[in-house]
Structure formats: C-alpha cells, structure tokens
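Peer 1: Under the working numbering, the letters of the sequence shown match residues 886 to 1090, in that order.
Built from N, CA and C at the ideal position, the CB exists for glycine as well.
Note that the coordinates shown come from a computational prediction; the quantities given were computed from them, not determined experimentally.
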Amino acid sequence: QCGPGKSGQASVTFESQPGHDSSSINCNLTDYNNGVSGPLSIENMKKLNDAYQAIQQALKNGKGFPVLDSKGKSVTINITTKTNGQTSKETTTTTNDAQNLLQEASKMISVLTTNCPWVNTAANSNGGAPWGLDTTGNVCQVFATEFKAVTSMIKNAQEIVTQAQSLNQQSNQNAPQDFNPYTSADRAFAQNMLNHAQAQAKMLE
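1. Return the residue from the list Q988, N911 and G904 that minimises the CA-CA distance to A895.
2. Taking the alpha carbon of A990 as the reference point, which residue from S908, T1047 and S1037 has its own alpha carbon closest?
3. Using alpha carbons as the reference points, say which of C1025, A983, T976 and Q938 lies closest to S995.
4. Tell me which same chain residues have a C-beta within less than 6 Å of the C-beta of N946, skipping the five on either side of it?
5. Assess contact between the region 911-928 and the region 886-903, defined as three or more Cβ pairs (one per stretch) separated by less than 8 Å. Is contact present?
6. Is L925 helix, strand or coil by DSSP?
7. Given a cut-off of 8 Å, decide if N1023 and S922 are closer than it, judged by their beta-carbon atoms.
8. Quick check: T1021 and N1005, are their CB atoms within less than 8 Å of each other?
9. Got a sec, what are the start and stop residues for the beta strand (DSSP E) Q971 sits in?
10. Given this structure, state the Cα-to-Cα distance separating E900 from F1028, to the nearest angstrom.
11. Between the Cα of K992 and those of Y937, T898 and I927, spot the shortest distance and give me the residue it belongs to.
12. Under 8 Å between the Cβ atoms of T978 and I964?
13. Going by DSSP, what residue range makes up the alpha helix (DSSP H) through S991?
14. So which of V897, K932, L986 and I1039 has the shortest CA-CA distance to S909?
15. Could you tell me which residues DSSP puts in a beta bridge with V897?
16. Return the bridge partner residues of N1023 from the DSSP annotation.
17. Closer than 7 Å to a non-hydrogen atom of the ligand COA - does that hold for the CB of I1039?
18. Looking only at its chain, what residues have a beta carbon closer than 7 Å to the beta carbon of V1046, apart from the 5 residues adjacent to it on each side?
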C-alpha cells in the first residue's frame, strides 16, 4: 500500500508499474500515517519507481541482462506520473551495465525493508488480495524469507560482477600490445630482427 497518508499531499499515480489488472499503481491511501506498517509515502514510492523503471527499461533496451564485464551503454529512462489529473514526465539516463542494474535492485530492496509498508489481504482492500496473499502484516514480516534470499543474491551477484571486471582488466593488462616500430623498445627489437635476417641472407648467397 502507498499514498500520502496524513501528510496532506495529493495522491499520485505511477505509470508503467505492475498494478493489478493495470499498468499503473495509484498511491492514494490517506487514512494512516506513513512509516513502518503504514502506507509507503509518495517520496519513497518515487524512489522505488525510479529504480524499477531504470531496471525495466535498461533490460528492455539492452534485450536482457548485460554481459558481466561489459561497460554497458547509456540508456534513456522515461518516468511518467499523474497528480490531480495532470501528467508529469521525467527523463533521466543510466548505464545498463550489470553493476548499475544490481545497484538499482538493491535500492528497491532498501526502500521496502527500511519502510516496511503494510500489506492487506482483505478482498476489498488495496493490498495483496488480488495476488493471492493470505498473510496480513508489513512487507518485512510477510516477505522476510524472500527479502533475505534476494538481498543475498544481489550481494553475491555484485561480487561476481566485480571479480569478472577485475579479471577482464587483468587480461587486458597482460595482453600483448600492438607492435610499434617507432617506439624505442620495439625499434631495437625490429633492428635486431633485421640484422639476423640480413646475416642469414648473406649465408645463403
């Protein structure tokens, strides 16, 4: 659940979100205070949405998860919200490399596990009933096992990416450089090879 709570702010609809039977989520809950076991605030929902859009659009643009040691490329992220019927569009950029996408995933988990918004299961509520949830509580209670597993997966993936990048960098450093006869070291090597070739040519005369 999300909304302005008792802050007096206007409700906000976040587009391109996996809402129930829709592609948007309307954050309009006003009867309770924001915070742990309350509705997720508009500000925190924006953080969650920004990270979600960065991941979704970067993966879509890159046609899947990038190669671990890839530097990625710049991707434009479009974020659309509605407040009081007025549409607002925001454009940002990100790099769709593995490390950045994992950082965005970590941000999403951080928002949820720090604020622990409430989840209802009543059929007439704006909570988890449409998704078949049968446990009422805040998300940190309902999804404790899942959050622990996902956090561990993200951490492990970040370590793997770091190792892959390190190995790739070492490989590049150890790879032979292009031969350049105009540098002093390569010029001396080239001259030595030429001397040997000339000596062998004389022997064959």
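Peer 2: Taking the definition as stated:
1. The shortest CA-to-CA distance from A895 to any of Q988, N911 and G904 is the one to N911.
2. Minimum Cα distance to A990 is reached at S1037.
3. That would be C1025, whose Cα lies nearest to the Cα of S995.
4. Excluding sequence neighbours, N946 sits near V960.
5. The region 911-928, when compared against the region 886-903, does touch it at the 8 Å Cβ threshold.
6. DSSP places L925 in strand when its eight states are reduced to three.
7. Against a cut-off of 8 Å, the Cβ pair of N1023 and S922 comes out as a contact.
8. In this structure, T1021 places its C-beta atom within 8 Å of the C-beta atom of N1005.
9. For Q971, the uninterrupted beta strand (DSSP E) segment begins and ends at Q971 to T980.
10. Roughly 25 Å separates the two Cα atoms.
11. From the listed residues Y937, T898 and I927, the smallest Cα separation to K992 is found for Y937.
12. No, the Cβ-Cβ distance between T978 and I964 is not below 8 Å.
13. Per DSSP, the unbroken alpha helix (DSSP H) holding S991 starts and ends at A983 to N1000.
14. With distances taken between Cα atoms, S909 lies closest to V897.
15. According to DSSP, V897 bridges with C912 and T968.
16. Per the DSSP secondary-structure output, N1023 pairs in a beta bridge with W1003.
17. The ligand COA is not among the ligands present in this structure, which contains no ligands whatsoever.
18. In the same chain as V1046, and ignoring 5 residues on each side of it, the C-beta atoms closer than 7 Å to its own belong to L953, A983, Q984 and L987, in chain order.
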